[in-house]
């Protein structure tokens, strides 16, 4: 097979893998959105949603550590030698029995100190219960990693879809019947255990069907452990970067109030409002996760073969398309997000002033995430870790300077958003510099400037047409209003559906404007059209290669 033919096959495999996993991640994102944006309507108060959000964010740090670190480590080894998949599974299971279980146990033991740091003892039992999710994730990630390394993207996607459905259904059902935050965490635990059992059964059944028996390959346990631990360390840092600000908001708000009872309620309420804004702003990051899942085995293989030209091509194309996709979501959310929040969540609306800055910050983080993931795929996890450590330290320092001591309510949340923006920008800048020096490029300068300009234009249009620039909605902050904020907001807004319809129309308009500008500016051209055609090619040979 010629070099161009191989490149075409790789493009089709990556493209179809991206589409399949994007479909699954779209469902995963949709189900997560139902949770993130439905639970504020089901919980009795923003304080309950804040408590739930803090527990989920705490356990998600370790969940993402074990699932991302393990998945990428297993995927890398399997993609380098698919025939050794059973040996990799066996060795990874033994490692996780030590690493994953230790992490879960340590997390459960630290529940007390964490609750004390948050100045709220009600978190102890919730945090300990959520440790069971870490156990299930530790082993589930092994099987997802094997499927990813084998390029069995459809099977990987199916498991993602099933898990997302179970998790959403169990959590919503628990809260809907009145079980509160504890019921929501129990629902999460049950969903994680069920999907682990299903993944184990399905992967081994597939290996038997493919005739892949026990392997005589010798897996370098030290190499697997090194890659696993270094990737986990990086993932821990990455998740601290996107979650530490929420915990600091909770702590700084609590310590600003003398009464313990009032401190718990007010700080949880602020955490709930800020968490909702974070969930909206993180949509661009969620939108590009599929890129990382697909590019990882492709880039891993090219660097394993020492193909610098292929690696450079993967990097430039991946970062360009990442920025293109991120731009769509970030500009729409930054421009129309606040107009959706006010009628939909009047009790949380006071926090919407922080949304524009958070959307920009998480657009930068999405690029940082894909860039550092490529560094791991290229066999440089410690470089990714160092870049992320820098971002985390900058974020903590910025929060200490800007958030600690800030006025409760809107000022504190706005300062937290600014701290996040500073950290994300610094991390992305460092990542770009490293890629430029090591691989000769990160993203084409013209594309970067053009896409940045388009994002800025659409965001500006959305910001300057915010509804509150033309309609007086009053002061929605519970820290300044003498009435119930929900009552004030609803009386000012009138019909909820009226404003939601207008906000939805505005969001669609901003999205159409962004897409139109992509074509008018020439950012999307004939080469992109040809690439899409190759991805969707239905030739028999391409289909065989993809599967």
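Numbering (the working numbering), first residue to last: 10 to 556. Here a beta-carbon is modelled for each residue, glycine too, at the ideal position from N, C-alpha and C.
Alpha-carbon to alpha-carbon, residue j and residue i
| i | j | result |
| --- | --- | --- |
| residue 468 | residue 181 | 33 Å |
| residue 15 | residue 400 | Note on residue 15: pLDDT 48, under 50, position unreliable in the model; the coordinate value appears next. Residue 15 and residue 400: Cα-Cα distance of roughly 38 Å. |
| residue 74 | residue 240 | 8 Å |
| residue 215 | residue 161 | 10 Å |
| residue 472 | residue 113 | 44 Å |
| residue 99 | residue 200 | 24 Å |
| residue 187 | residue 83 | 40 Å |
| residue 190 | residue 410 | 32 Å |
| residue 479 | residue 515 | 15 Å |
| residue 196 | residue 457 | 43 Å |
| residue 345 | residue 124 | 36 Å |
| residue 281 | residue 192 | 18 Å |
| residue 447 | residue 423 | 37 Å |
| residue 326 | residue 527 | 16 Å |
| residue 351 | residue 277 | 20 Å |
| residue 476 | residue 290 | 19 Å |
| residue 9 | residue 453 | Look at the range of the chain in this structure, 10 to 556, and you will see that residue 9 is not part of it. |
| residue 218 | residue 202 | 25 Å |
| residue 97 | residue 107 | 16 Å |
| residue 397 | residue 412 | 21 Å |
| residue 210 | residue 140 | 23 Å |
| residue 383 | residue 235 | 17 Å |
| residue 459 | residue 171 | 39 Å |
| residue 269 | residue 259 | 13 Å |
Bounding residues of the alpha helix (DSSP H) (the contiguous stretch that carries residue i)
| i | result |
| --- | --- |
| residue 97 | 94-118 |
| residue 472 | 454-473 |
| residue 55 | 55-89 |
| residue 513 | 505-529 |
| residue 448 | 419-448 |
| residue 160 | Element bounds for residue 160: n/a, residue is neither H nor E. |
| residue 293 | 292-296 |
| residue 389 | Run containing residue 389: none; DSSP gives neither H nor E here. |
| residue 201 | 189-218 |
Contact set for residue i: own chain, Cβ-Cβ below 6 Å, skip 5 residues either direction
| i | result |
| --- | --- |
| residue 298 | 34 |
| residue 437 | 373, 376 and 377 |
| residue 449 | 321 |
Reduced DSSP category for residue i - H, G, I as helix; E, B as strand; rest coil
| i | result |
| --- | --- |
| residue 131 | helix |
| residue 48 | helix |
| residue 371 | helix |
| residue 365 | helix |
| residue 412 | coil |
| residue 533 | coil |
| residue 352 | helix |
| residue 221 | coil |
| residue 479 | coil |
| residue 186 | coil |
| residue 359 | helix |
| residue 451 | coil |
Beta-carbon proximity list for residue i, same chain, < 7 Å, skipping 5 on both sides
| i | result |
| --- | --- |
| residue 212 | 152, 155 and 156 |
| residue 407 | 428, 431 and 432 |
| residue 385 | 81, 240, 243 and 393 |
| residue 445 | 451 |
| residue 105 | 79, 147, 148 and 151 |
| residue 391 | 239 |
| residue 493 | Any reading at residue 493 needs caution, since the residue's pLDDT is 44, under 50, leaving its predicted position unreliable; the model's value is listed next. Nothing listed; no residue qualifies. |
| residue 405 | 253 |
Contacting residues, own chain, Cβ-Cβ under 8 Å from residue i (five flanking each side not counted)
| i | result |
| --- | --- |
| residue 72 | 142, 143 and 146 |
| residue 66 | 252, 255, 256 and 284 |
| residue 264 | 128 and 272 |
| residue 380 | 328, 437, 440, 441, 444 and 451 |
| residue 131 | 60, 124 and 273 |
| residue 369 | 339, 343, 430 and 468 |
| residue 138 | 191, 194, 195 and 198 |
| residue 435 | 399, 400 and 403 |
| residue 177 | 40, 41, 43 and 44 |
CB contact below 8 Å: residue i versus chain C
| i | result |
| --- | --- |
| residue 172 | The structure shown contains no chain C; it is built from a single protein chain. |
I'd like the ranges of any alpha helix (DSSP H) spanning at least 4 consecutive residues and lying wholly in the segment 224-280. 230-264
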